[in-house]
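Notes follow once the structure below has been shown.
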Amino acid sequence: MVYEIQKIFLLNDFSLITNLNKDGINFKTCNINFFYTKISKNESLKFYKIDDKYFKKHIFEGDFLEEERNQITKKEFKDAKKNALTKPLNKISYMFNFCSFKAFIEVYESLNLCLLRVFFSNLKDSENFSLPSEFKAKKKLSLNEFCSKKLSLYGNEFIDFDIDKCFKIIEKNQNFTLNFPSSIKAFDGFRIFLFYLFKKLKFFWSTSLQEKKEEDFANLQLYAKKLFIVLSSFDDIFDKRLSQNLALKFKDLAQKTKSILNQNEKKEEALLFLLSSDNLNDLFSDFDTFIKEGLFYEGQKKDYFFKNLIALQIRKKLIIFKKTLKDDINFDLEFKYSELKILLEFFAYFFDLKSLNKLHKKYFSKSMKKFLNKMQTRQDKFFTLISKTNKYLRIYKGL
């Protein structure tokens, strides 16, 4: 059983180590490397190396935190690393005596993260403790706010994120690939994602009106469809009533544009009439306002990690798509394929996962017709990749 009483402080930088050294404080340092081979809400399996010693820790999180720790061999540690769920992390721990308490400064240099942990033998000492102002702590963290498995999955969530700078970059240019940090929260992640998709849509709307090329009309239809899919797939992030209404309007735009593109006569005239309508201008004006406003992002999960919600949505859609294909149900199969194609276009890279990247490149970057042709000979391989991917993405459930 583990009942350690501790307080954790987020430090502004690494300068406390230098300052304490100048004051004659002696540190005992150790290098720690760790990774997880199992992560869930209630159970984790962690492997770590402290200098030249190796350990395995089984962690159970119920009413109490329970840990089973065993020392293992270097070979066992190396073998376990082959099954690491994320990249191993390194930290340097500086142990020192702080008044009568045991304390550690933990430095995660690759994450630009520095923490101070102070341990207490009883609750009274913890309650009476106050950190000196010269330590320049950024904030006090609860155990729920900081744990090493969240750090492994999402990185340093305490880095300040300049969303206005992102908006300005996207406003000037949309010809780049979005690359989200793992630690970004859903509120900021979706604001950027929707803003990017909307600016792409507006770009093709503008070029369609000016140059009247069928390729631009087709791209406009595609981005209207992307906005519909994102708004309808993640409606637990947004104001539900408003997002559903907007999703249907983008769906209507995509369907009408596609229908006109399939016409044989007066195609250009009909498209220009659609794209010049007051209804479309009103939609664009409203959406431009909503995507930057905090009130639009009032769903239950707006404070979740962006990566967490993307992982679970991809997993959910893969499960549904596999079942639909396996049961030979053709209803909505093409739409379900489009949903995954769009999500993997933007987020296959997000997880550094070979099976997910293979799914994207080999199966979900093609036309539906080419995909179905592949299924005639490769369905078993396709299902195996889905199983591998879903097993991994499950670790984000509840975290």
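In the numbering used here, the protein residues as written are 80 to 478.
Built from N, CA and C at the ideal position, the CB exists for glycine as well.
Note that the coordinates shown come from a computational prediction; the quantities given were computed from them, not determined experimentally.
- request: Decide yes or no for the touch test of the region 157 to 169 against the region 110 to 124: beta carbon pairs closer than 8 Å, at least 3 of them.
  value: Cβ pair count under 8 Å is three or more, so yes.
task: Could you name each continuous alpha helix (DSSP H) segment of 4 residues or more that falls completely within the region 165 to 213, going from the start of the chain to the end?
output: Complete alpha helix (DSSP H) runs here, min 4: 202 to 207.
- prompt: By how many angstroms is the C-alpha of Ile393 removed from the C-alpha of Arg473?
  reply: For Arg473 and Ile393, the distance between alpha carbons rounds to 10 Å.
message: If you follow the alpha helix (DSSP H) that Ala216 is in, where does it begin and where does it stop?
response: Run containing Ala216: none in the alpha helix (DSSP H); it sits in the beta strand (DSSP E), Ala216 to Leu220.
- request: Would you mind sorting Gln300 into buried or exposed? The rule is 16 or more other CB atoms within 10 Å of its CB.
  value: Burial call: buried.
- prompt: What residues match up with Glu140 in a beta bridge as DSSP calls it?
  reply: Answer is Leu144.
task: Measure the CB-CB distance between Ile249 and Lys278 and report whether it falls below 8 Å.
output: Result yes, Cβ atoms of Ile249 and Lys278 sit closer than 8 Å.
- prompt: beta strand (DSSP E) containing Cys226: first to last residue?
  reply: Counting along the chain, Cys226 falls outside any beta strand (DSSP E), and DSSP gives it neither H nor E.
- request: Compare the Cα-Cα distances from Lys90 to each of Pro211, Ile151 and Leu195 and report the closest residue.
  value: The residue you asked about is not Lys; residue 90 is Leu in the sequence shown. The alpha carbon of Leu90 has as its nearest neighbour, out of Pro211, Ile151 and Leu195, the alpha carbon of Leu195.
message: Looking only at its chain, what residues have a beta carbon closer than 7 Å to the beta carbon of Asn403, apart from the 5 residues adjacent to it on each side?
response: Reading off the sequence, residue 403 comes out as Thr, not Asn. Excluding residues within five positions, the ones whose Cβ falls inside 7 Å are Leu412 and Lys415.
task: Between the Cα of Lys281 and those of Lys291, Gly268, Tyr302 and Ser262, spot the shortest distance and give me the residue it belongs to.
output: With distances taken between Cα atoms, Lys281 lies closest to Tyr302.
Cβ-based neighbour list, Gly141, same chain, cut-off 8 Å, excluding 5 preceding and 5 following: Cβ neighbours of Gly141 beyond the five flanking positions: Asn121.
message: When you compare the region 378 to 392 with the region 461 to 475, are there three or more beta-carbon pairs, one atom per stretch, that lie closer than 8 Å?
response: Yes, the region 378 to 392 is in contact with the region 461 to 475.
- request: Would you identify the three-state DSSP class for Val81, choosing helix, strand or coil?
  value: With a pLDDT of 47 at Val81, under the threshold of 50, the modelled position of this residue cannot be trusted, and the question is left open.
field: Minimum length 4: unbroken alpha helix (DSSP H) runs contained in the region 378 to 410
entry: Counting only runs of 4 or more residues that sit fully inside the region 378 to 410, the alpha helix (DSSP H) segments are 385 to 405, in chain order.
message: Suppose only complete runs of 3+ residues qualify. What are the beta strand (DSSP E) ranges in the region 96 to 132, listed by chain order?
response: You should have 107 to 118 and 122 to 129.
task: Could you check which residue in Leu397, Ala326 and Ser200 has the C-alpha nearest to that of Asn469?
output: Residue Leu397 is the option with its Cα nearest to Asn469.
field: Assigned exposure category for Ser262 - 16 Cβ within 10 Å defines buried
entry: Residue environment for Ser262: buried (at least 16 other C-beta atoms within 10 angstroms of its C-beta).
message: Could you tell me the alpha carbon to alpha carbon distance between Phe400 and Phe266, rounded to whole angstroms?
response: Going by the C-alpha atoms only, they are around 28 Å apart.
query: Do Phe180 and Ser172 have their C-beta atoms within less than 8 Å of each other?
result: No, the pair does not count as a contact, with Cβ atoms beyond the cut-off.
- prompt: Just checking my contact of Asp318 with Phe375 at CB under 8 Å: how many whole Å lie between their CB atoms?
  reply: The Cβ separation is near 6 Å, so the contact holds.
message: Suppose contacts are defined by Cβ-Cβ distances below 8 Å. Is Val186 in contact with Phe274 by that definition?
response: With contacts defined by Cβ atoms closer than 8 Å, Val186 and Phe274 do not form a contacting pair.
- prompt: For Leu202, is the classification buried or exposed, using 16 other Cβ atoms within 10 angstroms of its Cβ as the cut-off for buried?
  reply: Under the 10 Å beta carbon count, Leu202 is surrounded by fewer than 16 other beta carbons and is classified as exposed.
- prompt: Taking 8 Å as the CB-CB cut-off, is Glu147 touching chain C?
  reply: As a matter of chain content, chain C is missing from the structure shown, which is built from one protein chain.
query: Between Ser444 and Asp239, what straight-line distance do the alpha-carbon atoms span, to the nearest angstrom?
result: Approximately 34 Å, taken between the alpha carbons.
- prompt: Leaving out the 5 sequence neighbours to the left and right, which residues in its chain are closer than 7 Å to Met80 when beta-carbon positions are compared?
  reply: Low confidence applies here, because Met80 scores a pLDDT of 41, under 50, leaving its location unreliable and the question unanswered by this model.
query: Which class does Ile238 belong to by DSSP, given the choice of helix, strand or coil?
result: Here Ile238 carries a coil assignment [DSSP, helix/strand/coil].
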